[in-house]
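A.B. asks: For the sequence shown, the working numbering assigns the number 236 to the initial residue and increments by one for each residue that follows.
I am attaching a structure below and will ask some questions about it afterwards.
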Amino acid sequence: MKYIILVLSLLWLCIGVAAAQEMSADEILKNVDDALDLSGSVVEIEMQVYREKQLQRTYRINLKYQDEDHMLGETLYPPRNAGEKSLHVGENRWLYLPKLNKVMRVSESNSFSNSDFSNMDIMQSRLGTDYTPKLLGIEQRDGVEAYKLELTAKTDDVPYKTVIYWIRKGDFYPLQRDYYTFSGNLLKRLTLETRTNVRGGLPDIYIMTSVLEDEKYTIMRISSILSDQVFPPEIFRKDALMKR
236 MKYIILVLSL
246 LWLCIGVAAA
256 QEMSADEILK
266 NVDDALDLSG
276 SVVEIEMQVY
286 REKQLQRTYR
296 INLKYQDEDH
306 MLGETLYPPR
316 NAGEKSLHVG
326 ENRWLYLPKL
336 NKVMRVSESN
346 SFSNSDFSNM
356 DIMQSRLGTD
366 YTPKLLGIEQ
376 RDGVEAYKLE
386 LTAKTDDVPY
396 KTVIYWIRKG
406 DFYPLQRDYY
416 TFSGNLLKRL
426 TLETRTNVRG
436 GLPDIYIMTS
446 VLEDEKYTIM
456 RISSILSDQV
466 FPPEIFRKDA
476 LMKR
């Protein structure tokens with residue numbers, strides 16, 4: 236009996252390895268996109284912005300993700316920024332500044348809350364929407380095998396031309412992304428970690444580091460997630476940004 240169990244276990248392992256080897260770049264990216272998808276969720280994050288290794292600013296932000304085309308963010312802290320809102324609807328993005336009582340259009344490449352994250356980094360949760368993946372191979376990352384994907388922008392409307400993405404082979408856990416400009420320069424590096432069980436083992440720490448400027452980085456922590464949320468459609472309207 237033990238021999239049969241051992242044989243079956245080895246057979247299952249071989250099938251799993253073979254299936255993984257046969258996966259396309261599109262399938263790999265879809266797996267990790269699906270795992271990280273926040274559609275139908277309310278997420279609270281804390282962002283700590285560091286300059287020259289010194290903490291400069293801390294933000295607490297509430298994010299409502301209806302789907303990949305509808306997201307709304309509102310700053311809760313610090314008090315001087317409370318009530319600022321970011322709205323993403325399709326290809327359009329707006330920022331509301333309550334002190335000026337003004338709504339302005341912003342781009343995906345603009346900084347999100349003066350951090351090292353862009354609007355796209357926060358508001359777009361599925362890279363497969365804007366990028367075409369190519370599997371470059373399998374590499375060792377911190378002692379484990381990881382897929383190495385090259386993501387190429389489908390249009391010029393995104394902040395990065397290329398993203399190099401390392402994804403742990405065994406469970407599609409995202410490890411690191413390197414972001415390149417349209418001129419081919421390495422711009423930023425994102426590392427992902429899990430320190431709590433707030434996401435059931437998925438990353439809850441995102442560290443975005445500037446490669447072009449020394450000692451410049453932002454740490455984003457996911458504080459809480461409420462899933463299976465339904466939002467009234469009107470909150471994703473531009474003219475609703477000024478309403479409390």
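Ideal Cβ placement from N, Cα and C applies to all residues, glycine included.
The structure presented is a predicted model; accordingly, all values stated were derived computationally and were not measured.
On a CA-only basis, which of Thr293, Thr367 and Glu343 is nearest Met358? Give me that one, please.
C.D. replies: The residue you call residue 358 lines up with position 123 of the sequence shown. Minimum Cα distance to Met358 is reached at Glu343.
A.B. asks: Tell me which residues share the same chain as Ile296 and place their Cβ nearer than 6 Å to its Cβ, disregarding the 5 neighbours each side in the sequence.
C.D. replies: Within the sequence shown, numbered from 1, the residue matching residue 296 stands at position 61. Correct list, in chain order: Ile280, Gly308 and Thr310.
A.B. asks: Have a look at Thr387 and Lys451 and give me their C-alpha separation to the nearest angstrom.
C.D. replies: Translated into the one-based positions of the sequence shown, residue 387 becomes position 152. Translated into the one-based positions of the sequence shown, residue 451 becomes position 216. Computed Cα separation, rounded: 26 Å.
A.B. asks: Just mark Asp365 as buried or exposed, buried being the case when its beta carbon has 16 or more other beta carbons within 10 Å.
C.D. replies: Here residue 365 is taken as the residue at index 130 of the sequence shown, counted from 1. By the neighbour-count rule (16 or more Cβ atoms within 10 Å), Asp365 is buried.
A.B. asks: Going by the DSSP bridge assignment, what does Ile296 pair with across the sheet?
C.D. replies: Along the sequence shown, read from residue 1 onward, the residue named residue 296 stands at position 61. For Ile296, which the question treats as bridged, DSSP gives the partners Ile280 and Thr310.
A.B. asks: With DSSP collapsed to three states, give me the class of Asn327.
C.D. replies: One-based indexing of the sequence shown puts residue 327 at position 92. Strand.
A.B. asks: Just curious, the beta strand (DSSP E) that Leu384 is in, first and last residue?
C.D. replies: Residue mapping note: residue 384 aligns to position 149 of the sequence shown, counting from 1. Counting along the chain, the beta strand (DSSP E) containing Leu384 begins and ends at Val379 to Ala388.
A.B. asks: Is Leu330 near the ligand FMN, with its Cβ less than 6 Å from a heavy atom?
C.D. replies: Inclusion of the ligand FMN in the displayed structure is not the case, the ligand content being empty and no account of it being possible.
A.B. asks: Enumerate in chain order the residues of its own chain whose CB-to-CB distance from Val393 is below 7 Å, with the five nearest sequence positions on each side excluded.
C.D. replies: Locating residue 393 in the sequence shown gives position 158, where the first residue counts as 1. If we look at Val393 and ignore the five residues flanking it on each side, its Cβ neighbours are Glu343, Met355 and Asp365.
A.B. asks: Hey, out of Gly372, Ile470 and Glu319, whose CA is closest to Asn349's CA?
C.D. replies: Position 114 of the sequence shown, counting from 1, holds the residue named residue 349. Comparing Cα-Cα distances from Asn349 to each of Gly372, Ile470 and Glu319, the minimum goes to Glu319.
A.B. asks: Determine, using beta-carbon pairs with one atom in the region 274-294 and one in the region 406-425, whether at least three such pairs fall under 8 Å.
C.D. replies: They do not touch, by the three-pair rule.
A.B. asks: Pairs of beta-carbons, one from the region 256-272 and one from the region 369-386, closer than 8 Å: are there three or more?
C.D. replies: Yes, the region 256-272 is in contact with the region 369-386.
A.B. asks: Would you list the residues sitting across from Ile263 in a DSSP beta bridge?
C.D. replies: Taking the sequence shown and counting its residues from 1, one reaches residue 263 at position 28. Paired residues: none, contrary to the question.
A.B. asks: When you compare the CB positions of Thr416 and Leu422, do they come within less than 7 Å of one another, or not?
C.D. replies: Here residue 416 corresponds to residue number 181 of the sequence shown, with the count starting at 1. Here residue 422 corresponds to residue number 187 of the sequence shown, with the count starting at 1. Yes; because the gap between Cβ atoms is below 7 Å, this pair is in contact.
A.B. asks: Quick one: grab the DSSP three-state call for Thr444.
C.D. replies: Indexing the sequence shown from 1 puts residue 444 at position 209. Strand at Thr444.
A.B. asks: Please determine, among Ala270, Gly405 and Trp401, the residue with the shortest C-alpha to C-alpha distance to Leu425.
C.D. replies: Your numbering for residue 425 matches position 190 in the sequence shown. Selected option, being the one with the closest Cα: Trp401.
A.B. asks: In terms of residue numbering, what span does the beta strand (DSSP E) encompassing Met455 cover?
C.D. replies: The residue given as residue 455 occupies position 220 in the sequence shown. First-last of the beta strand (DSSP E) with Met455: Lys451 to Leu461.
A.B. asks: Is it buried or exposed for Met477, if we count other Cβ within 10 angstroms and need 16 for buried?
C.D. replies: Walking along the sequence shown from the start, residue 477 turns up at place 242. So Met477 ends up on the exposed side.
A.B. asks: Under the three-state reduction of DSSP, which class applies to Phe471: helix, strand or coil?
C.D. replies: Residue mapping note: residue 471 aligns to position 236 of the sequence shown, counting from 1. Of the three classes helix, strand and coil, the one that applies to Phe471 here is helix, per DSSP.
A.B. asks: Where does Pro368 land, buried or exposed, given buried means 16+ other C-beta within 10 angstroms?
C.D. replies: Your numbering for residue 368 matches position 133 in the sequence shown. The residue in question, Pro368, is buried, as its Cβ has 16 or more Cβ neighbours within 10 Å.
A.B. asks: Using the C-alpha atoms, what's the distance from Ala317 back to Lys334?
C.D. replies: On the sequence shown, position 99 is the one that residue 334 refers to. On the sequence shown, position 82 is the one that residue 317 refers to. Cα-Cα distance, rounded: 10 Å.
A.B. asks: For Arg430, which three-state DSSP category applies?
C.D. replies: Indexing the sequence shown from 1 puts residue 430 at position 195. Of the three classes helix, strand and coil, the one that applies to Arg430 here is coil, per DSSP.
A.B. asks: Using the three-state DSSP reduction, which class does Thr364 fall into: helix, strand or coil?
C.D. replies: Here residue 364 is taken as the residue at index 129 of the sequence shown, counted from 1. Of the three classes helix, strand and coil, the one that applies to Thr364 here is helix, per DSSP.
A.B. asks: Under 7 Å, do Phe471 and Val324 count as touching if we go by C-beta distance?
C.D. replies: Walking along the sequence shown from the start, residue 471 turns up at place 236. Walking along the sequence shown from the start, residue 324 turns up at place 89. In this structure, Val324 lies closer than 7 Å to Phe471 by Cβ.
A.B. asks: Using the rule of at least 16 other Cβ atoms within 10 Å of the residue's Cβ for burial, across every protein chain shown, is Lys237 buried or exposed?
C.D. replies: Sequence index remark: in the sequence shown, residue 237 carries index 2 (1-based). The predicted model places Lys237 with a pLDDT of 41, which falls under 50 and marks its position as unreliable, so this point remains unresolved.
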